[in-house]
Amino acid sequence: MARREALDGVVIAAPTHLHLALTQACIEGTKLRKEEGRGGILKALLIEKPICHDLQSAAELLSITDSAGVVVLVGHQRRHSRLVKQARQVVTDQDFGPLRGVNMEFSLLKPDSYFCKDDPSLEWRRRKGVGGPILINTIHDLDLMRFITGHEITKVFAMTSSAARGEEVEDSGGITVTFDHGAVGTLFFTDAAPAPWSYEFTTGENKKYPPVAGNDMRDCYHFMGAQRSLGFPSLCNFSYRGAAERGWDAPLTVEQPMVEVEDPLLLQMNHFVRVCRGEEIPVCSGRDAVESLAVVLAVLRSTECGRAVAPSELLAEVNKDVVSACRLDSSLLPISKEPAACSAETTTARAGRKQLATVTESDFASPQSA
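This note's numbering puts the sequence shown at residues 33 to 402.
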């Protein structure tokens with residue numbers, strides 16, 4: 033298609049282990065088009081997260097896209113969320129104080145149909161190294177640990193279980209991380225329990241996830257700082273502002289900003305259009321996505337070897353010139369401009385937030401496709 037059509041951008045939304053091959057096909061097509069002297073050369077790719085299933089494939093993908101002059105945006109769509117942007121602004125502000133720690137949770141139940149054993153095209157979801165909640169789901173949460181805090185994860189330790197389904201991939205586990213300035217973070221995950229404690233259920237941004245009573249003030253992330261702490265997505269932040277002596281004997285002050293909510297998938301696509309036009313640089317570049325992939329792969333290695341693993345160990349095993357030559361700190365990445373206009377308000381506004389309508393349900397895939 034990249035050879036036949038004059039394409040500015042291509043979206044690659046396929047199983048992770050196919051990302052490199054599909055990228056190669058796109059680059060080869062646009063290369064042939066250029067050799068034939070035809071216009072409409074490919075400018076950018078939007079690649080679903082994770083960028084690849086291993087770092088060597090990611091290094092090769094970055095090498096061929098760099099050589100072709102094609103920009104890569106990776107689909108860590110939560111970075112485009114207005115709630116995430118607000119949380120990042122609070123947590124990285126000097127008034128928050130040095131980060132003390134982070135606690136995250138991803139708990140829900142994937143239906144049996146997600147793992148449909150009668151469909152060969154879904155077999156990868158049960159296969160170690162390409163499927164499983166660590167690689168497919170928790171990469172979102174670990175990426176936000178980096179993005180919201182502005183700090184890199186330096187070491188991880190993880191323990192997992194496959195007891196719920198007995199599959200090759202994990203279904204539950206706990207992850208502990210350390211950050212580059214000494215803070216500690218934790219993430220518990222399971223895709224085998226009926227629970228609402230996950231990003232999608234608590235934010236209400238993706239309408240494919242049905243609303244849960246009481247979820248309008250339920251948080252799935254907590255960020256603790258020296259001066260204040262923040263719950264997400266409620267955005268309630270707590271401090272001892274004005275107290276004669278800060279501590280448990282004084283009343284906590286609670287603040288909650290108003291934030292307009294819109295589906296980050298739509299915001300990401302609007303951003304991708306502007307990337308194709310050369311108006312913005314990717315909020316999540318290929319190289320920044322490699323950093324999050326390295327964290328997740330370090331988690332997987334920790335579950336196998338039973339020790340703490342540094343993501344830098346894994347990065348050192350691949351071509352560092354390719355992967356790290358333009359290594360970016362997520363705290364320095366620009367926040368993309370908002371769309372020029374938003375659609376009308378709906379009647380599903382949540383406390384502390386104004387819900388904006390985005391698109392119809394048919395415009396997005398079911399959460400089971402993740």
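Yeah, the Cβ is synthetic: ideal placement off N, Cα and C, and Gly gets one too.
This one's a predicted model, so the numbers in the text were calculated from it and none came from an experiment.
Of the residues the options, the one placed nearest residue i, counting alpha carbons only
| i | options | result |
| --- | --- | --- |
| residue 132 | 349, 268, 315, 260 | 260 |
| residue 281 | 99, 272, 288, 287 | 272 |
| residue 61 | 50, 49, 74 | 74 |
| residue 55 | 333, 42, 308 | 42 |
| residue 47 | 141, 158, 98, 64 | 158 |
| residue 19 | 194, 202, 224, 285 | Lying outside 33 to 402, the shown extent of the chain, residue 19 is not represented and no answer is given. |
| residue 241 | 252, 140, 285 | 140 |
| residue 214 | 169, 134, 284, 194 | 134 |
| residue 78 | 338, 317, 333 | 317 |
| residue 258 | 234, 267, 279 | 279 |
| residue 169 | 222, 148, 288 | 222 |
| residue 138 | 40, 197, 254 | 254 |
| residue 98 | 238, 112, 63 | 63 |
| residue 288 | 274, 249, 148, 310 | 249 |
| residue 310 | 65, 155, 104 | 104 |
| residue 209 | 156, 233, 184, 194 | 184 |
| residue 238 | 65, 66, 113, 102 | 113 |
| residue 164 | 67, 66, 194 | 194 |
| residue 300 | 68, 106, 65 | 106 |
| residue 102 | 121, 82, 68, 57 | 57 |
Contact under 8 Å by Cβ, residue i with residue j
| i | j | result |
| --- | --- | --- |
| residue 315 | residue 303 | yes |
| residue 212 | residue 186 | yes |
| residue 290 | residue 219 | no |
| residue 174 | residue 322 | no |
| residue 123 | residue 181 | yes |
| residue 162 | residue 108 | no |
| residue 325 | residue 90 | yes |
| residue 188 | residue 340 | yes |
| residue 87 | residue 346 | yes |
| residue 247 | residue 226 | no |
| residue 251 | residue 264 | yes |
| residue 267 | residue 119 | yes |
Contact set for residue i: own chain, Cβ-Cβ below 7 Å, skip 5 residues either direction
| i | result |
| --- | --- |
| residue 45 | 80 |
| residue 365 | Residue confidence for residue 365 is low, a pLDDT of 37 falling below 50, so the modelled location carries little weight; the figure read from the coordinates is stated next. Result list for residue 365: 315, 320, in chain order. |
| residue 110 | 116, 172, 176, 231, 296 |
| residue 52 | 84, 89, 92, 93 |
| residue 256 | 132, 133 |
| residue 197 | 203, 224 |
| residue 121 | none |
| residue 358 | Residue placement at residue 358 cannot be trusted, given a pLDDT of 39 that sits under 50; what the coordinates show is reported in the next sentence. Excluding positions up to five away in sequence, the list reads 319. |
Cutoff 8 Å; reference residue i; Cβ partners in own chain excluding five residues on either side
| i | result |
| --- | --- |
| residue 276 | 282 |
| residue 160 | 200, 201 |
| residue 400 | At residue 400, the pLDDT of 42 sits below 50, so the modelled position is not reliable; the number obtained from the coordinates is stated separately. 142, 143, 145, 146. |
| residue 274 | 285 |
| residue 178 | 184, 185, 323, 324, 327, 362 |
| residue 154 | 146, 147, 148 |
Contact with chain D by residue i, beta-carbon distance below 8 Å
| i | result |
| --- | --- |
| residue 320 | The structure shown contains no chain D, having only a single protein chain. |
Own chain partners of residue i with C-beta closer than 6 Å, once the 5 adjacent residues on each side are dropped
| i | result |
| --- | --- |
| residue 363 | Annotation note: pLDDT 38 at residue 363 (below 50); position unreliable, no value reported. |
| residue 100 | 59 |
| residue 49 | 85, 162 |
| residue 331 | 166, 188, 190, 207 |
| residue 335 | 190, 192 |
| residue 40 | 75, 308 |
| residue 420 | Outside the shown range of the chain, which is 33 to 402, sits residue 420, and nothing can be said about it. |
| residue 25 | Outside the displayed span of the chain (33 to 402) sits residue 25, for which this structure offers no information. |
| residue 348 | none |
Kindly confirm or deny that the region 304 to 311 and the region 120 to 130 touch, where touching means at least three C-beta pairs closer than 8 Å. no
**OP:** Kindly provide the ranges of any alpha helix (DSSP H) runs that are 4 or more residues long and lie completely inside the region 243 to 292, ordered along the chain.
**Re:** none
Q: Counting only runs of 4+ residues fully inside the region 116 to 188, write out the alpha helix (DSSP H) ranges in chain order.
A: 171 to 181
Enumerated in chain order, which unbroken segments of the alpha helix (DSSP H) with a length of 4 residues or greater are wholly contained in the region 205 to 246? 231 to 235
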